[in-house]
């Protein structure tokens with residue numbers, strides 16, 4: 058159980074691929090201009106990461122060292138093709154908006170890195186857990202970045218969610234700021250700025266938590282004596 062707790066903490070926080078490893082930043086910054094775009098890419102990446110980790114773990118004893126990397130790339134490409142076809146079938150308009158960044162999941166270093174460093178060396182269940190948590194960590198950062206950029210760039214939240222969830226999501230759009238448009242956050246420079254804020258916030262939280270965990274020094278823990286002279 059401790060191993061799965063550690064995998065969860067690493068994927069969601071301690072070793073988050075987007076905030077700590079800084080992998081997969083190209084699609085992260087390119088398509089996170091809105092919640093629906095971020096969620097679409099996040100779900101596709103999550104599917105590919107879990108599927109590739111599970112497959113790599115299953116074949117880890119049957120692939121030689123020289124063929125390991127090409128085999129991993131082929132496995133990842135197969136799952137990316139599945140995600141691409143599913144999105145074309147059920148969210149065609151969103152697929153067109155995301156464009157080349159769906160096929161480019163194949164080149165996401167976070168996915169290949171987890172397949173090489175973890176899934177190829179661990180059994181099925183830990184490998185699947187690692188893929189799920191790393192994928193969730195990446196998707197959550199994408200979602201948060203998309204929400205920040207959509208909210209402070211366009212003044213709305215959950216706009217165009219029908220592109221992913223169909224007609225039932227037509228009324229999910231929330232207009233927080235009326236007649237609001239801050240173009241900087243919608244454009245690529247705003248993505249770098251917003252992601253930098255997220256990284257800074259995480260580092261600040263980690264720093265505060267680290268200070269709380271530090272043991273109290275002897276000087277700080279000294280108690281005042283009722284009698285006698287304190288030196």
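In this note's numbering, the protein residues as written are 58 to 288. In this text, a Cβ means the ideal position worked out from N, Cα and C, and glycines have one as well. The structure presented is a predicted model; accordingly, all values stated were derived computationally and were not measured.
Residue i lies in the alpha helix (DSSP H); which residues open and close that run?
i: residue 183; result: 181 to 211
i: residue 172; result: 166 to 174
i: residue 125; result: 122 to 147
i: residue 243; result: 240 to 243
i: residue 99; result: 92 to 116
i: residue 87; result: 82 to 87
i: residue 161; result: That residue, residue 161, is in no alpha helix (DSSP H); it is neither H nor E in DSSP.
i: residue 221; result: 219 to 222
i: residue 59; result: 59 to 66
Answer yes or no: the CB of residue i versus the heavy atoms of the ligand MN, is any distance below 8 Å?
i: residue 104; result: With respect to the ligand MN, the structure shown offers nothing to examine, as it has no ligands at all.
Check whether the Cβ atoms of residue i and residue j lie closer than 9 Å to each other.
i: residue 136; j: residue 112; result: yes
i: residue 96; j: residue 181; result: no
i: residue 68; j: residue 187; result: yes
i: residue 154; j: residue 88; result: yes
i: residue 195; j: residue 86; result: no
i: residue 173; j: residue 214; result: no
Apart from the five residues just before and just after residue i, which ones in its own chain have a Cβ nearer than 6 Å to its Cβ?
i: residue 251; result: 202, 205, 206
i: residue 176; result: 110, 113, 114, 184
i: residue 64; result: 186, 187, 190
For residue i, which option in the options has the closest C-alpha, if you only look at C-alpha atoms?
i: residue 200; options: 72, 59, 100; result: 100
i: residue 90; options: 272, 165, 243, 261; result: 243
i: residue 240; options: 189, 232, 210; result: 210
i: residue 150; options: 192, 94, 179; result: 94
i: residue 197; options: 76, 58, 263; result: 76
i: residue 118; options: 256, 178, 257; result: 178
Since I believe residue j is in contact with residue i (beta carbons under 8 Å), could you give me their beta-carbon distance rounded to a whole number of angstroms?
i: residue 110; j: residue 184; result: 5 Å
i: residue 225; j: residue 171; result: Rounded, the Cβ-Cβ distance is 34 Å, inconsistent with contact.
Ignore the nearest five residues each way along the sequence and tell me which others in residue i's own chain have a CB closer than 8 Å to its CB.
i: residue 159; result: 98, 101, 137, 140, 141, 144, 152
i: residue 235; result: 212
i: residue 282; result: Here residue 282 scores only 48 on pLDDT, less than 50, and its place in the model should not be relied on; the value that follows carries that caveat. Excluding sequence neighbours, residue 282 sits near nothing in its chain.
Can you list, in chain order, the residues of its chain whose CB lies under 7 Å from that of residue i, leaving out five sequence neighbours each side?
i: residue 60; result: 183
i: residue 191; result: 68, 74, 106, 167, 171
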